[in-house]
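Report on the structure given below.
Residue numbers (the working numbering): 144 to 297.
Shown next, in the form of structure tokens:
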């Protein structure tokens with residue numbers, strides 16, 4: 144089983160840890176209702192280190208992402224992100240993604256943990272003909288998600 148870089152901290156703090164898609168993941172600290180209410184009314188912090196991170200960079204990074212994503216990547220300003228999806232030619236979904244823009248030729252695409260290998264292969268296949276690099280950097284990144292009305296103040 145894989146463990147996120149924060150695994151030992153979760154165990155030390157008393158998190159309930161379960162097996163999730165080949166990862167040992169914290170699912171709760173107190174109870175589901177309290178944590179839901181806290182996230183909806185204040186702020187919640189989530190370990191999402193298990194997600195896949197794909198670095199997409201090069202002179203035609205925007206053109207490539209416009210080709211594979213369903214949303215307009217041109218609207219993502221540096222330092223911002225957008226939710227989108229990648230679709231097969233028949234319109235069914237490859238995966239839902241989050242696209243983070245560093246600048247016009249450098250992005251990180253976050254994919255689901257259990258489909259990272261498949262998604263990276265699909266992205267590389269569809270990058271042919273574009274002056275772009277697609278690299279799986281999942282083992283080099285750790286991610287946290289901060290959610291709730293006080294997230295920006297935290």
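From the three backbone atoms N, C-alpha and C, an ideal C-beta is built for every residue, glycine too.
Which residues in the same chain as residue i place their Cβ atom closer than 6 angstroms to its Cβ, once the five residues preceding and following it in sequence are excluded?
i	result
residue 166	145, 193
For residue i, which of helix, strand or coil comes out of DSSP?
i	result
residue 237	strand
residue 243	strand
residue 144	coil
residue 285	coil
residue 223	coil
residue 300	Lying before the first or after the last residue shown, residue 300 is absent from the chain, which here runs from 144 to 297.
residue 215	coil
residue 280	coil
residue 249	strand
For residue i, collect the residues of the same chain with a Cβ closer than 8 angstroms to its Cβ; drop the 5 residues on either side in sequence, then sort them by chain order.
i	result
residue 171	158, 159, 178
residue 185	291, 292, 293
residue 213	227, 228, 229, 230
residue 152	none
Does the distance from the C-beta atom of residue i to that of residue j stay below 7 angstroms?
i	j	result
residue 227	residue 240	yes
residue 273	residue 200	no
residue 242	residue 250	yes
residue 238	residue 254	yes
residue 256	residue 187	no
residue 204	residue 275	yes
residue 252	residue 197	yes
What residues match up with residue i in a beta bridge as DSSP calls it?
i	result
residue 273	Answer is none; residue 273 lacks a bridge partner.
residue 162	167
residue 263	Its beta-bridge partners do not exist; DSSP assigns none.
Could you spell out where the alpha helix (DSSP H) holding residue i opens and where it closes?
i	result
residue 150	150–155
residue 184	175–184
Shorter than 6 angstroms, the distance from the beta carbon of residue i to the closest heavy atom of the ligand ZN, or not?
i	result
residue 192	The model on display carries no ligand, and the ligand ZN is accordingly not part of it.
The beta strand (DSSP E) spanning residue i covers which residue range?
i	result
residue 196	195–200
residue 188	187–190
Give every residue of the same chain whose Cβ lies closer than 7 angstroms to the Cβ of residue i, excluding the five residues on either side of it in the sequence, and list them in chain order.
i	result
residue 266	197, 211, 277
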